[in-house]
Every structure is written in C-alpha cells, then in structure tokens.
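Enquirer:
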Amino acid sequence: MERTIRLSQTVAPFGVGSIYDLRGESLATVDTSRWGGMGERLELDRLAKDLGVQGFRSAPARADQFSTKGARLTFVRFPRWLFCPVCRRMTMWKSEFEVPGEPARCGFCTRTPKPELVPMRFVLTCPDGHLGDVQWDRFAHSRAEGLEQRQCKSRDLTFTTKPGAGTGLDASWVTCRSCKAGRSLQGITKKGAAVSMGLLCPGKQPWQYLPADAPQCKQEAIVLQRGASNLYFSDIRSAIDIPPDSDFDVFSDVARKVTATPGFEMLMSTDPDDDLMVEMLVTRLSKEHDVPEADILRLVAGAKAEISGAPATAVALTGDLRRDEWNALIADRGQQDERNRFLTRHEQLRPDGELSRAEQLLVDAFGPVVLVTRLREVRALTGFRRYQTDGPKLPPQLDAQQIDWLPAIEVYGEGLFLRLNEDALQKWEAQDEVIRRVRVLEERRPDSLVGDRLKAASPRFVLVHTLAHLLIRRLSFESGYSAASLRERVYCAEAGGSDAPYAGVLIYTAAGDAEGTLGGLVRQGRPPRMLHTLLATLEEAAWCSADPLCIDARAQGFQGLNRGACHACSLVAETSCEYSNSFLDRGVLVDREVGFFRDALAAALEDSGRTASVS
1 MERTIRLSQT VAPFGVGSIY DLRGESLATV DTSRWGGMGE RLELDRLAKD
51 LGVQGFRSAP ARADQFSTKG ARLTFVRFPR WLFCPVCRRM TMWKSEFEVP
101 GEPARCGFCT RTPKPELVPM RFVLTCPDGH LGDVQWDRFA HSRAEGLEQR
151 QCKSRDLTFT TKPGAGTGLD ASWVTCRSCK AGRSLQGITK KGAAVSMGLL
201 CPGKQPWQYL PADAPQCKQE AIVLQRGASN LYFSDIRSAI DIPPDSDFDV
251 FSDVARKVTA TPGFEMLMST DPDDDLMVEM LVTRLSKEHD VPEADILRLV
301 AGAKAEISGA PATAVALTGD LRRDEWNALI ADRGQQDERN RFLTRHEQLR
351 PDGELSRAEQ LLVDAFGPVV LVTRLREVRA LTGFRRYQTD GPKLPPQLDA
401 QQIDWLPAIE VYGEGLFLRL NEDALQKWEA QDEVIRRVRV LEERRPDSLV
451 GDRLKAASPR FVLVHTLAHL LIRRLSFESG YSAASLRERV YCAEAGGSDA
501 PYAGVLIYTA AGDAEGTLGG LVRQGRPPRM LHTLLATLEE AAWCSADPLC
551 IDARAQGFQG LNRGACHACS LVAETSCEYS NSFLDRGVLV DREVGFFRDA
601 LAAALEDSGR TASVS
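Mind the numbering: the sequence shown is residues 1 to 615 in full-length UniProt numbering, read in order.
1) On the criterion of 16 or more Cβ atoms from any shown chain inside 10 Å, does T466 qualify as buried, or is it exposed?
2) Does the Cβ of K204 have 16 or more other Cβ atoms within 10 Å, making it buried, or fewer, making it exposed?
3) Helix, strand or coil for I19, going by three-state DSSP, please let me know.
4) Once you ignore the five residues that flank D452 on each side, which residues in its own chain have a CB closer than 8 Å to its CB?
5) With DSSP as the reference, label M280 as helix, strand or coil.
6) Looking only at its own chain, which residues have a Cβ that is under 6 Å from the Cβ of L506, when we skip the five neighbours before and after it?
7) What does a CB cutoff of less than 7 Å around D591 pick up in its chain, not counting 5 residues either side in sequence?
8) According to DSSP, is D607 part of a helix, a strand, or is it coil?
9) Compute the Euclidean distance between the alpha carbons of C544 and R436, then round it to the nearest angstrom.
10) Below 8 Å, can you find three or more Cβ-Cβ pairs linking the stretch 360–372 to the stretch 341–352?
11) Just the Cα atoms here: how many angstroms apart are L231 and Q219?
12) If we count the other Cβ atoms within 10 Å of its Cβ and call it buried at 16 or more, is F233 buried or exposed?
13) Taking only the alpha-carbon atoms, compute the straight-line gap between E443 and R460 and give it to the nearest angstrom.
14) Using beta-carbon positions only, say whether L406 and A380 come within less than 9 Å of one another.
15) Given that a residue counts as buried once 16 or more other Cβ atoms are within 10 Å of its Cβ, and exposed if not, what is A310?
16) Is the stretch 219–229 touching the stretch 29–39 in the sense that three or more CB pairs, one from each, lie closer than 8 Å?
17) Let's see if you can read the secondary structure: which residues bound the alpha helix (DSSP H) around E102?
18) Can you give, in chain order, each stretch of the alpha helix (DSSP H) that sits fully within the stretch 484–529 and has at least 4 residues?
19) Pull up the distance between the alpha-carbon of G319 and that of A239, whole angstroms please.
20) What separation, rounded to the nearest whole angstrom, lies between the Cα atoms of P272 and V278?
21) Quick check on DSSP: helix, strand or coil for M92?
22) Please name the residue, chosen from L117, R88, P243, T110, that lies closest to R77 on a Cα-to-Cα basis.
23) So, S570 versus A541, is the Cβ gap smaller than 9 Å?
24) Which residues bound the beta strand (DSSP E) around T32?
25) Should D324 go down as buried or exposed, given a rule of 16 or more other Cβ atoms within 10 Å for buried?
26) Can you say whether A140 is buried or exposed, counting buried as having 16 or more other CB atoms within 10 angstroms of its CB?
Okay, structure coming up:
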C-alpha cells in the first residue's frame, strides 16, 4: 500500500499537527523534528527576515542519491482507538502492530483477509492545542453500577449500534466486554461533557510518546469530531519573489559562485577609472566561470548599487512584504532577462479605437494593467492552533528552543494585476453612505471567531476584496483555469497613514504543476480583453439569482461577516481567498447609491439596452 500526498498539501491543509484521511486510514502529521536533514532548502530572504528564521525547507520528496529508499514524510496513526466493522471489537493500536505497507487490520477476526480497522470519529483537544484519543475505557465505565463495574479496568471494548434506536449518537454505544458497563455517545460533544465523563486532556500531541512530552494540562478537555473545522487552524505566511532577489544574475548558481571568489572582490575594490585593470579582471572572471563579460559587469553594478543603498532595480524595498510587492508590480522595468523569476509587462487598459461611455469610465477608474508572465511564491507554515483561532500558536517544531527554519513550499505561476485610481477611490470612500454600509461589517469583526485573522473592514478593502472574488469567478470562464486554481492577493493601504495609500489586486495562479503556467491569465490582460472582462464582471455582479434578498442583506456568511455576497454570486474556494470568504459586498461595487462602479455599470446597461432595441 503506497501512501502519497501532494507536496503542496504538506503546508496546507495537511501541515504539521493536522489529520490526514487517506483511503480509510486516519493519520496525524508529525512536527519537523522528524525530518532530520531531509527536505529541499528554499530561499526567500524577504520572507525569512520577516518571520525571524534563517530559511525554509520543503517536505522530503526525493530519494537520496546514495539510498535505495525514497525520502518520506513521517505520519503516526491517529486516533489510535480503532474498531472492526465486522466483529465490532475495539483496539488500542500500538506501533508494534504495524506491518509496513499495510493498513491496520483486526486481530480478533478469523476471516481472510482480515477486515481493515476503522478509526473512531471523536478525539480530545483543549484550548492550549493538545490533541489525543478519547479514553474510551474511562468513557465506558463512567456510568458504572455496582462494585464489579467500578473496579473494572479492562480495555476490552466493543463499539456497537443498538437496533431500533435510530441513527443518532444515542444509538452508538461503547461497552466493556468484561463487566458489561457502557454508555451511548449521546451528548459527548457538549460543553463540559468530557469532564463529567472523566476524560482528561492528554497534554501532548499524537506523535509525542515520552512522559516529559506530556506535562499535566490544566485546561478542560473538549471532545470534537475528527473532521471538525475547528480542530486545526494553520497559520500560513507567503511572499512573492521580487527583484533584486528574483533576478537571474542574483539568484543563479553561477552568480553566487562568481560573487564569492577573490577575483570578484578585487574587481569590486578596483578603481572604476582604471580601465585596463577592470578589463583584465572581467576577462579573467569570464574565462574562469564561462560567463559573458556583460554578465560580470552587471553583477558588479548590482553589488555596488546594493552597497550604496540604491539597488539597481526600479523597485523600492521598504521591508513591508506587501508594499514591496506593490512597488515591484507598479514599476516598469523595461527589458528583462527571460530567466528571471519575476517577469512583468505593463499594458494600457484602453484599447485602440473609440470607446463607449462605460468603457471610458472604467479606463478612468483603473491604472495600467500589469501582466505577470512569471512569478514565484513561497508559502511557509509558521504554526497552528486548535479549537480557538486566538489560542496559543504551536510552532512546527515542538521540541526546539529556537527554530531557524520553517516548512514551506515554492510554487510558480502567472497573473495579472489591477490597481484602482487613488483620487477616485479617496473621493468615493469619504462618502457617508459608503462608510455606514461598511461599518456594519467592521462592528462584527471583534466578536467573530476569526476576527483576529482579518484586516479591518474599510470601504476600500471591502471594495478590492469583492472585486477580486468577482474577477476570479469571471476569469475562470475565459482564461482556461478552474476557479479553484486561481488565487487572490489583495493590496490595500488606507489613506491618512504615514505611507502612501494604495489599492489593487493580483489575480494569479501558483501551483506545483503545469496548471500554473498555461498563459491564460496573461492573455486575458491584454487589450481589449481586460476591458471586456471588467464590463462583463460588473454586469454579472449587478444581478444574483438570490436577489433582492442577497444584495439587500445586512448579514450573510460566517457570523454575518458579508453583506451582498453569497455562493451564487461572490464566494470562491477557500484556497483562493486570503480572508476566509469574509468582508464581501457587491453593493460597494454596483449599488445605485454607493457603488464605486455605479456610473460605469449604468452606462453599460444603457448601451446594452440601446443595442438590443436597434437589433
């Protein structure tokens, strides 16, 4: 039995601490201390500096050059309490029972082949993030009657369904075969139920076995279903590789090798006016490393510019991940090396020829379109939480005093970038009607379970975020990508701060396979396609099959964090959205009173009506 997992899933959704269901088996992902020296090293200095680590590693996925066995990612079987679907006997699984390449099988049945065991569907956790098995032997004896049952310590249990009792939890019973004590699962997930049943928090994670790994936990144990959405919250941070680190003459192996030589140091210290010495050193380095002399001179220029604090790029680096990416996207770098990991080209939204009034209004609302023909993104797992999103965050390596690397993946793709006209945006977001419409969402954020993971719901953020979702849904019909393979990256800085405000969105695809580089998004960004896509997006946003209930709603979605947005018009896959499908409202785009694009939409509908009447 070969158990496999996609490399991209090793960070999310099956990163350290998660539960991975695979063909009837339930496995827990262990922390990175079990990786040893395995895993491919990844580099992205901007992200590493922001997270306070030295670098990143992707999960071990390739065989070692001198080994006959492939590199493997370690999992442990969890929960360890399993039951047989045939004889209904329960087994507390141990590592010595494991047979390489085989699922867990019943040790009591005599039939051949022996039935595969099924994991119990409930587990124990606590607000501190611990995870363990329900102590089913304690559970079965928690309603013991008589001396024999109270003194019984047997783990010989059965998990049965009582006939005629329905299909709910009250029909499912865990019973001791020795003393016949037992109880149903009715109410097992209620608050305080674990304490009343004598269940204790394990104080550790499923892969921790040593007594020192399990300090006594003072938190109340909580019973959850194995697949509950609040059993695991991963904390993912990502960044896009931008210049100068994304330039081939900086990241390539040849560049790193050349810049580390004494000859390059001598060239750096040579007087640039000494033409003879410069020419001699450049020629020598070119021959030694089989590199064109022009590349040597480019490396020197870049290194000197970096020392002087003015990188030889059109990108202004500030240390803020999003602002740096914004600066890289809006900078027109002209001719670029095709081997770079970040390639952009600027296109005008306005096509040739005469424009309709609706088209002209849209052209005025946006800046130039940026076609990102190649990008690299690194996604790192910084930790995870359980039960509560504001609980303590557990690191990916639990037994380390100081973590100098994080598990991560690198993915490549393409995208297109749109930015809104800042003057028009500031004029719009200052309107009282707009502020009142969005204030409803911001007032709900502090009381939400995910509020601490979301940005403040400002008018410009809700506008850009909703626009991103609508574009993803529209582009999935035209670009050749499925909606789930497209992702958003929202860029939003409020006016009035110490730094310049901005608002824009990058719609991109970054996948670990060929799905990320088909060219469909770049094609859609070229004129006149992008303008037509925007018009179609607004026309679709003007009407939802759930209207008028949808557009007029004051609360939709999880804990009412959306207004005019539902599955029929605005929501996208969770993997596509940075903000859990929250803070969405079509009204801020197309409402007749407060919509940012209301004039453009009205003109487009008027043009459509005129065309229909003429035809």
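Glycine included, each C-beta is placed from N, C-alpha and C at the ideal position.
Expert: If we stick to the structure as given:
1) buried
2) buried
3) strand
4) T389, D390
5) helix
6) G415, F417, R489
7) R598
8) helix
9) 23 Å
10) yes
11) 16 Å
12) buried
13) 16 Å
14) yes
15) Residue placement at A310 cannot be trusted, given a pLDDT of 48 that sits under 50; the coordinates are not used to answer.
16) no
17) Per DSSP, E102 belongs to no alpha helix (DSSP H) and is neither H nor E.
18) 520–524
19) 12 Å
20) 7 Å
21) strand
22) L117
23) yes
24) Premise fails: T32 is in no beta strand (DSSP E) and is neither H nor E.
25) buried
26) buried
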